Amino acid sequence: MNHRIRLIALAALAAAAALPAMSQDKWPSKTIEIIYPYPPGNDMDVVTRLVAEGMSKRLGVPVQVINKPGGGGVVGFAEMIRAKPDGYTIGTWTPGPGISQIIAGNTPYKISDYQSVGAMLVNDFVLAARGDIPATNLKEFAAWAKKSGKPVVIGSYAPAAVPALIAARIAKKDGWAYKVVAFPNPSAKELIAGDADLTTAGADGAISFAKAGQVKILSTWRPQRNPAFPNTATPGEEGYGDLYTWGGMAAPVGVPKDIINKLSSVMMEAINDKAVQDHFKKAGNPTFTMTADQMNKRVTDDAKWIGDLMTELGMTKK
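Right under this line is the structure:
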């Protein structure tokens, strides 16, 4: 009898010891935080919050968006990368803090320190020109630029900002000289004021000026043409490459693959929720999703051309 009791006691102890491990394996069991590395209120912030609500419903735990702006997205993205790789802290990111700032040597982290969860939107930019420039597409603009004999002034966030780098890649291919002038929020207004020849502007903010003939839209930076500018080609259509900027979610390296796949799956499902789709329609943005693996490839491809161009332009840290 004593032997039997001893066996039962040992079995009970083994079962009790297994309980913490079993509870640790259950994911998710607490709040998930999404660090948004920019100020609140812009379009990507709104989309992130709507997607977070959809993810919360599907995962059965709160999913909170925490704004941590600073350093062009680097401050918040660095905090996400430093977080414990357990799937409870992820972040929203763009090619700025995720690629170009790293290549420029402005970050305390490397591309290999994070992994993609997936893509959720296209940052909808256009390349707009002054209304008095006799060009309606990139080839016509190149002819004008080379004939003018002066460097084209491009209004953008900064020379190493990804929209400015896309414009620089176009200029390099077509052989015209340029200089980038930084503006906090580049738009069509710089063109109308005569402060720039081109700007990397948000599509929604340029529509009214284009309709009034005050600016000309030379290129729309999307995977497909922007319905608001149906006669304006994308860089891909004109042979410049698959150039556009994106927004998505990432996680620290080390988060288990099954958790990444689950996060990616529920994120993409949430993007198709009515609230998110209604917002996209109102903003004129297309639905855009990529899985974790697809997004990892996109990061690799973008890092290649951005790194090569920044090296050529002397923008990398020596």
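Take 113 as the starting number for the sequence shown in our numbering and just add one per residue. In this text, a Cβ means the ideal position worked out from N, Cα and C, and glycines have one as well. Since the model is a prediction, treat every value here as computed from it, not as a measurement.
- Task: Return helix, strand or coil for GLY359, following the three-state DSSP convention.
- Result: strand
- Item | Contacting residues, own chain, Cβ-Cβ under 6 Å from PRO132 (five flanking each side not counted) | Bear in mind that the predicted position of PRO132 carries a pLDDT of just 46, short of 50, making it too unreliable to give a figure here.
- Check each candidate in ILE319, VAL173, VAL365 and name the one with the smallest Cα separation from ASN338. ILE319
- Query: Since ALA362 and SER228 are thought to touch, with beta carbons under 8 Å apart, how far apart are those beta carbons, to the nearest angstrom?
  - Reply: 5 Å
- Beta carbon of TRP139 nearer than 8 Å to that of GLY199: yes
- Is the number of C-beta pairs between the region 139-155 and the region 181-201 that are closer than 8 Å three or more? yes
- Message: To test your reading of the DSSP string, which unbroken beta strand (DSSP E) runs of 3 or more residues are found completely within the region 306-357?
- Response: 310-314, 327-333
- Task: Provide the residue span of the beta strand (DSSP E) that contains ILE147, from first to last.
- Result: 144-148
- Around the C-beta of ALA294, are 16 or more other C-beta atoms found within 10 angstroms, so that it is buried, or is it exposed? exposed
- Give the DSSP-derived three-state secondary structure of LYS393 in the structure shown. helix
- Item | Contacts around MET422, its chain only, beta-carbon distance under 8 Å, and the 5 residues preceding and following it disregarded | SER212, ILE215, ALA216, ALA272, LEU277, THR428
- Compare the beta carbon distance of VAL238 and SER331 with 8 Å and say whether it is the shorter of the two. yes
- Query: In three-state terms, what does DSSP make of ALA195?
  - Reply: coil
- Query: Per DSSP, which one or two residues make a beta bridge with PHE237?
  - Reply: GLY314, TRP333
- Query: Across which residues does DSSP place TRP205 in a beta bridge pair?
  - Reply: GLY360
- Query: Under a three-way DSSP split, which group does MET232 fall into?
  - Reply: strand
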